[in-house]
Amino acid sequence: MAHKPRILICGVLPPPYFGHSMLYEMLMASSFPKAFDVYFLNMHFWSYGTNKKVTALKLFKLCAYYAHYLWVLVVFRPRYILYNTSFYKMPFLKDFLFCATGIIAGRRLVIHDHGQYVRELHDALPDWQKNMLGWLLARAAGSIVMGERVRPVYDGLMDQAKIVVVPGVVADTQGMDVTPDRPAEDCFNVVYFSHMSRDKGIFVAFETAREILQMRRDVVMTFGGPIENDVVRAGLEALQQEYPQRVRYLGYVDDASRRTEIFRGADVFLFTTLRDVFGLVLLHAMAEGRPIVASREGTIPEIVIDGETGLLFDKGNSRMCAGAVLRLLDDKDLCLKMGAAGRHRFESVYAIDTYGPRMTDVFFQMEGAL
Numbered sequence: 009m010a011h012k013p014r015i016l017i018c019g020v021l022p023p024p025y026f027g028h029s030m031l032y033e034m035l036m037a038s039s040f041p042k043a044f045d046v047y048f049l050n051m052h053f054w055s056y057g058t059n060k061k062v063t064a065l066k067l068f069k070l071c072a073y074y075a076h077y078l079w080v081l082v083v084f085r086p087r088y089i090l091y092n093t094s095f096y097k098m099p100f101l102k103d104f105l106f107c108a109t110g111i112i113a114g115r116r117l118v119i120h121d122h123g124q125y126v127r128e129l130h131d132a133l134p135d136w137q138k139n140m141l142g143w144l145l146a147r148a149a150g151s152i153v154m155g156e157r158v159r160p161v162y163d164g165l166m167d168q169a170k171i172v173v174v175p176g177v178v179a180d181t182q183g184m185d186v187t188p189d190r191p192a193e194d195c196f197n198v199v200y201f202s203h204m205s206r207d208k209g210i211f212v213a214f215e216t217a218r219e220i221l222q223m224r225r226d227v228v229m230t231f232g233g234p235i236e237n238d239v240v241r242a243g244l245e246a247l248q249q250e251y252p253q254r255v256r257y258l259g260y261v262d263d264a265s266r267r268t269e270i271f272r273g274a275d276v277f278l279f280t281t282l283r284d285v286f287g288l289v290l291l292h293a294m295a296e297g298r299p300i301v302a303s304r305e306g307t308i309p310e311i312v313i314d315g316e317t318g319l320l321f322d323k324g325n326s327r328m329c330a331g332a333v334l335r336l337l338d339d340k341d342l343c344l345k346m347g348a349a350g351r352h353r354f355e356s357v358y359a360i361d362t363y364g365p366r367m368t369d370v371f372f373q374m375e376g377a378l
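Using this note's numbering, the first residue of the sequence shown is number 9, and each one after it goes up by one.
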């Protein structure tokens, strides 16, 4: 019997619960680990509280993870390394250290690109780091990206033949027995559930809420997710003071049942991000059959089909966003139609049983090319 190819996955598993960790949780729960001999190196650098900060703890973890990484390369001897990256400037040197070591050790590096910022990174780096990035991309076996709209950012940096599109997935919660979280039966519930940060468009969401609440007294705006900083907290509190009893904040939620209660209680799901590539929360909304209003950013237009499963607006345009939400609230049949279409799209494209085979095919195709 032929031995299964050995794969070292350098990623992160929850907690904390955020896009990358949840995606790797889905990967390890899929059929993928059964097809290969997998070693998962769980590298916990990121947290909501220390995002974009260099700390002593992170530097200590870097040394510990790198030593562990070297041990795995020597003892486990993987054929492939699947390495999680989003191509941000701050962690680039760390990512290069791990990836270059794997390449020099003769392993086939597959970049798992959870962002769309490789071109942005390249343009921001000094020349000597540009050369490092170019060396890395030229020698990587491939890059797995989240959508077709990411492909163009690799132009001139990596051979397009090395780029493979595998969208993310989430667990199907429709069969979960929970009670929808609704503020009142006689009110419409518009839900924002994501990291409450500037990059995620939280201030666009606040302005959208003001426009909606000024026009409709039968609407409650529900917010959920970790708060980035005191400025965001102050913005939320100001909105709550303007519209008492009509703006809810549910806090940071990392429990699947509680999260499902929130999505199931939404009449419209709102995603106002300014900087994103995918947005797994959109899949949670689709799984529960909720119509979506989302910004045109990253691969979102591939996830939310404008006019079919939801409505898209130009990112940063709160007036256009509010208009889209109000259009849905004024048309119950349209909400139901879009919610059902979103559910169908979730089942056919974004269910977990599609993820394992897609990821497996990436490596089987590489094996066949050897």
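Glycine included, each C-beta is placed from N, C-alpha and C at the ideal position.
All of these numbers come straight from a predicted model, not from anything done at the bench.
Can you pull the DSSP bridge partners for Ser151? Ile119 and Ile171
Kindly identify the DSSP beta-bridge partner or partners of Thr368. Bridge partners of Thr368: none, in fact.
Closer than 8 Å is the cut-off here; do at least three beta carbon pairs connect the region 155-162 with the region 303-315? yes
Glu269 versus Phe104, Pro24, Leu247 and Glu296, residue with shortest Cα-Cα distance: Glu296
Cutoff 6 Å; reference Gly94; Cβ partners in own chain excluding five residues on either side: Just to set this straight, residue 94 is Ser in the shown sequence, not Gly. Excluding positions up to five away in sequence, the list reads His122 and Gly123.
Please name the residue in Glu128, Trp143 and Phe231 whose C-alpha comes closest to that of Ile203. Ile is not the amino acid found at residue 203; the sequence shown has His there. When each option's Cα is compared against that of His203, the closest is Phe231.
The beta strand (DSSP E) enclosing Phe71, as first and last residue numbers: Looking at the sequence provided, one finds Cys at residue 71 rather than Phe. That residue, Cys71, is in no beta strand (DSSP E); its alpha helix (DSSP H) goes Ala64 to Val83.
At what residues does the alpha helix (DSSP H) containing Asp238 begin and finish? Asp238 to Glu250
By alpha-carbon positions, which one of Asp339, Ala148, Val177 and Pro99 ends up nearest to Ile119? Ala148
Taking the alpha-carbon positions, what's the Leu81 to Arg159 distance? 30 Å
Compute the minimum distance between the beta carbon of Met36 and the heavy atoms of the ligand ADP, and state whether it is under 8 Å. No copy of the ligand ADP appears in this structure; indeed no ligand is present at all.
Taking 9 Å as the threshold (C-beta atoms), are Tyr358 and Leu291 in contact? yes
Within the same chain, show all residues whose beta-carbon is closer than 6 Å to that of Arg14, passing over the 5 residues directly before and after it, in chain order. Asp45, Pro86 and Arg87
Checking 9 Å against the spacing of the C-beta atoms, do Leu145 and Val126 come in under that value? yes
Once the 5 residues before and after Leu336 are set aside, which same chain residues still bring their CB inside 8 Å of it? Asp275, Val276, Pro299, Val301, Leu319, Leu342, Cys343 and Met346
In this structure, does DSSP put Ile313 in helix, strand or coil? coil
Does the separation of the CB atoms of Val174 and Met51 fall below 9 Å? no
For Gly273, which residues from the same chain have a beta carbon less than 7 Å from its beta carbon, with the 5 sequence-adjacent residues on both sides left out? Pro188, Asp189, Arg190 and Asn197
Alpha carbon of Gly350 to alpha carbon of Ala332, nearest angstrom: 17 Å
Note down the Cα distance separating Asp263 from Thr216, rounded to an integer number of angstroms. 27 Å
For Leu35 and Met223, I'd like the C-alpha separation in whole angstroms. 44 Å
Take the Cβ of Pro23 as the centre, count every other Cβ of all protein chains shown within 10 Å, and call the residue buried at 16 or more, exposed below. exposed
Phe48: which of Tyr32, Asp369, Ser39 and Thr317 sits nearest, CA to CA? Tyr32
Going along the chain, which residues of its own chain have a beta-carbon closer than 6 Å to the beta-carbon of Gly27, five neighbours each way excluded? Leu288
Give me whichever residues DSSP pairs with Ile15 in a beta bridge. Val46 and Tyr88
With Ile89 and Leu16 assumed to form a contact (beta carbons below 8 Å), what rounded beta-carbon distance in angstroms separates them? 5 Å
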